[in-house]
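See structure below.
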Amino acid sequence: MSFERIKEKLNILADAAKYDVSCSSSGSTRGNKNKGLGDSTGMGICHTYTEDGRCVSLLKILLTNHCIFDCAYCVTRKSNDIKRAAFKIQEAVDLTINFYRRNYIEGLFLSSGIFKSPDYTMERLVAVAKKLRLEENFNGYIHLKSIPGASDELMYEAGLYADRLSVNIEVPTISGLKLLAPDKKHEDFTKPMLKVKNEILIYKAEKKITKSTPIYAPAGQSTQMIIGATGESDKDIMYSATHYYKNYNMKRVYYSGYVPVADDSRLPAIGSQVPMLRENRLYQTDWLLRFYGFGVKEILNDTHPNLDIDVDPKLSWALRNLSQFPIDVNTAEPRMLARIPGLGMNSVYKIINARKYRKLTFDHLKKIGVALNRAKYFMVCSGNDYAHKDLQAIQIKGLILQNSQGKFRNNYSSQLSLFN
8 MSFERIKEKL NILADAAKYD VSCSSSGSTR GNKNKGLGDS TGMGICHTYT EDGRCVSLLK
68 ILLTNHCIFD CAYCVTRKSN DIKRAAFKIQ EAVDLTINFY RRNYIEGLFL SSGIFKSPDY
128 TMERLVAVAK KLRLEENFNG YIHLKSIPGA SDELMYEAGL YADRLSVNIE VPTISGLKLL
188 APDKKHEDFT KPMLKVKNEI LIYKAEKKIT KSTPIYAPAG QSTQMIIGAT GESDKDIMYS
248 ATHYYKNYNM KRVYYSGYVP VADDSRLPAI GSQVPMLREN RLYQTDWLLR FYGFGVKEIL
308 NDTHPNLDID VDPKLSWALR NLSQFPIDVN TAEPRMLARI PGLGMNSVYK IINARKYRKL
368 TFDHLKKIGV ALNRAKYFMV CSGNDYAHKD LQAIQIKGLI LQNSQGKFRN NYSSQLSLFN
């Protein structure tokens, strides 16, 4: 195979892979062994940073963009008139090793269109990872996409060689899937998820007894949802995400704003704006649910089925629940401190540590690096009366927005039209 042909394949299949955002390498602890190639990146999505500050990257490609399905939202659907290509198994292996040796990458993110059958495709994905591990002694990070409908046997083998596995649920609801991908079944997505979840639980249990138990998907599994392709509310999306976190032990659920790629009456028109701000708000909500102790029904419910576009979800919740404020930073439980808008968990820990030694004032909070632009409307400190007690929610919101410098500030008006 000529260099030019390999380069052409790489251009086609790397470009096709860009629509998948679920390539985080967080959580893997695979170490270098037997003087092999690479170390697990620990945390990274293509060009990103590890916990110790290193910039890392993953080779992110499809094994092929041929596909037997015709999902309306997908650029590689079989009816789309695009250039098609496919890597041979050894070509994908060689690319990964050559890129690594040139210090271009520290790991591999490998997905694929489904050709011939789910098992045939999954078998080839597994073969790439297996060759890298066993023949090339590659110990870097590997993320494999789990193909919907793949057998349990292949899913088990995949977890032996990959650090992370993921099945993209793609459309948040079963009704949306039927609308845009009528040839696919919801259980084809959930069956591999359940297999991976159970194998991880078995591995963790056996590891406590036998240290030599073969490692299985140490970075867990993730999934991705397309946002804005169908008419789901934010409530639908986040309730679905909560379901996957709870029932399949997902490490991450990713939210990808729909990029119009097809002229189809079921989808937003080509040229429609990608809902980036909505995507950002969903990630913020996801963070609140996983790290700040919020329940999904507190943030999204029948009364409030969609997130506010102009303020973050924690501030939106606080404005709807002013009766729970102000919070005294000197006496409040950590759980309540974490609900103050503008306070991240690092600030919560700083407050808890600092108040062991003195009654905190606003000056103390500023000195330890606590941001007060939003928080001051929702807290009281030692020696301070609550100066904002007579302000209504709409007034507080207006004052905060006047001083905000968010990166999406200029997008508010245009984004609002997406939800009319």
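Throughout, this note's numbering is defined as the position within the sequence shown, counted from one, plus 7.
Where is the CB? At the ideal position from N, CA and C, for every residue including glycine.
Would you tell me roughly how many angstroms separate the C-alpha atoms of residue i and residue j, rounded to the nearest one?
i: Phe10; j: Asn72; result: 20 Å
i: Thr36; j: Leu102; result: Residue confidence for Thr36 is low, a pLDDT of 47 falling below 50, so the modelled location carries little weight; the figure read from the coordinates is stated next. The alpha-carbon atoms of Thr36 and Leu102 are separated by roughly 24 Å.
i: Pro267; j: Gly238; result: 15 Å
i: Lys242; j: Lys95; result: 42 Å
i: Phe106; j: Glu113; result: 9 Å
i: Lys123; j: Arg131; result: 11 Å
i: Lys138; j: Val100; result: 7 Å
i: Pro155; j: Val178; result: 13 Å
i: Phe196; j: Lys321; result: 32 Å
i: Ser354; j: Asp335; result: 14 Å
i: Ile358; j: Leu372; result: 7 Å
i: Asp271; j: Lys304; result: 34 Å
i: Cys81; j: Leu408; result: 37 Å
i: Pro199; j: Asp293; result: 23 Å
i: Arg108; j: Glu142; result: 16 Å
i: Lys204; j: Ser389; result: 48 Å
i: Val343; j: Leu284; result: Looking at the sequence shown, residue 343 is not Val but Met. The straight-line gap from Cα to Cα measures roughly 27 Å.
i: Gln3; j: Arg84; result: Not covered by the structure: residue 3. The range shown for the chain is 8 to 427.
i: Tyr299; j: Tyr127; result: 42 Å
i: Leu307; j: Phe301; result: 11 Å
i: Leu7; j: Ser153; result: Here the chain covers residues 8 to 427 and nothing more, so residue 7 does not appear.
i: Ile403; j: Leu350; result: 16 Å
i: Ser64; j: Ala165; result: 22 Å
i: Thr310; j: Leu17; result: 48 Å
i: Arg104; j: Glu286; result: At residue 104 the sequence reads Ile, which differs from the Arg that was named. Cα to Cα, the separation comes out at about 34 Å.
i: Gln399; j: Lys253; result: 37 Å
i: Phe76; j: Ala276; result: 21 Å
i: Lys215; j: Leu117; result: 31 Å
i: Lys396; j: Leu406; result: 14 Å
i: Ala378; j: Phe369; result: 10 Å
i: Asn110; j: Phe145; result: 14 Å
i: Gln331; j: Tyr364; result: 26 Å
i: Ala248; j: Leu66; result: 27 Å
i: Ile401; j: Ala269; result: 41 Å
Taking the Cβ atom as the reference point for each residue, do residue i and residue j lie within a distance shorter than 7 Å?
i: Met232; j: Ile176; result: yes
i: Phe385; j: Ala339; result: no
i: Leu187; j: Ala24; result: no
i: Pro189; j: Ala157; result: no
i: Gln228; j: Leu172; result: yes
i: Tyr251; j: Val260; result: yes
i: Ser411; j: Asn313; result: no
i: Ala136; j: Leu151; result: yes
i: Glu206; j: Tyr163; result: yes
i: Asp159; j: Lys202; result: yes
i: Ile68; j: Ala21; result: yes
i: Val208; j: Ala236; result: Going by the sequence as given, residue 208 is Leu instead of Val. No, these two residues do not count as a Cβ contact at 7 Å.
i: Tyr318; j: Thr230; result: For clarity, residue 318 is Val in the given sequence; the question names Tyr instead. Not closer than 7 Å, so no.
Can you list, in chain order, the residues of its chain whose CB lies under 7 Å from that of residue i, leaving out five sequence neighbours each side?
i: Leu167; result: Pro221 and Tyr223
i: Ile13; result: Glu98
i: Ile347; result: Ile334, Ala382, Phe385 and Met386
i: Ser219; result: none
i: Ala361; result: Leu367, His371 and Ile375
If I measure Cβ to Cβ from residue i and keep anything under 8 Å in the same chain, skipping five residues before and after, which residues do I get?
i: His429; result: The structure shown does not extend to residue 429, since the chain is modelled only from 8 through 427, so no value can be given for it.
i: Arg91; result: Ile19, Thr71, Asn72 and His73
i: Ile244; result: Pro179, Met232, Ile234, Tyr262 and Leu289
i: Glu15; result: Ala92
i: Met352; result: Phe298, Tyr299 and Ala345
i: Gly278; result: Pro267
i: Ser86; result: Asp77
Quick test of your reading: residue i and residue j, contact by CB under 8 Å. State the CB separation rounded to the nearest angstrom.
i: Asn328; j: Leu367; result: At roughly 23 Å, the Cβ-Cβ gap does not stay under 8 Å, so Asn328 and Leu367 are not in contact.
i: Ala226; j: Lys191; result: With 8 Å as the limit, Ala226 and Lys191 do not qualify as a contact, their Cβ atoms being about 26 Å apart.
i: Gly120; j: Cys74; result: 3 Å
i: Tyr255; j: Ile234; result: That pair is no contact at about 20 Å.
Which residues in the same chain have their Cβ closer than 6 Å to the Cβ of residue i, if we skip the five residues on either side of it in sequence?
i: Ser323; result: Asp315
i: Tyr26; result: none
i: Ile149; result: Leu115, Ala136, Ala169 and Asp170
i: Arg140; result: Tyr168
Cβ of residue i versus every heavy atom of the ligand SAM: is any distance shorter than 6 Å?
i: Arg342; result: This structure simply doesn't include the ligand SAM, nor any ligand for that matter.
Output the residue ranges of the beta strand (DSSP E) runs that lie fully inside the region 92-144 and measure 3 residues or longer, sorted by chain position.
-> If we require 3 residues or more, the beta strand (DSSP E) runs fully inside the region 92-144 come out as 114-118.
May I have a chain-ordered list of the alpha helix (DSSP H) segments no shorter than 4 residues that lie completely inside the region 343-392?
-> Whole alpha helix (DSSP H) segments, 4+ residues: 352-361 and 369-374.
For the region 165-195, list the beta strand (DSSP E) runs that are entirely contained and at least 3 residues long, ordered along the chain.
-> As for any beta strand (DSSP E) of minimum length 3 sitting wholly inside the region 165-195, the runs are 171-173, ordered along the chain.
List in chain order: all unbroken beta strand (DSSP E) runs of 3+ residues lying wholly within the region 218-306.
-> If we require 3 residues or more, the beta strand (DSSP E) runs fully inside the region 218-306 come out as 228-234 and 259-264.
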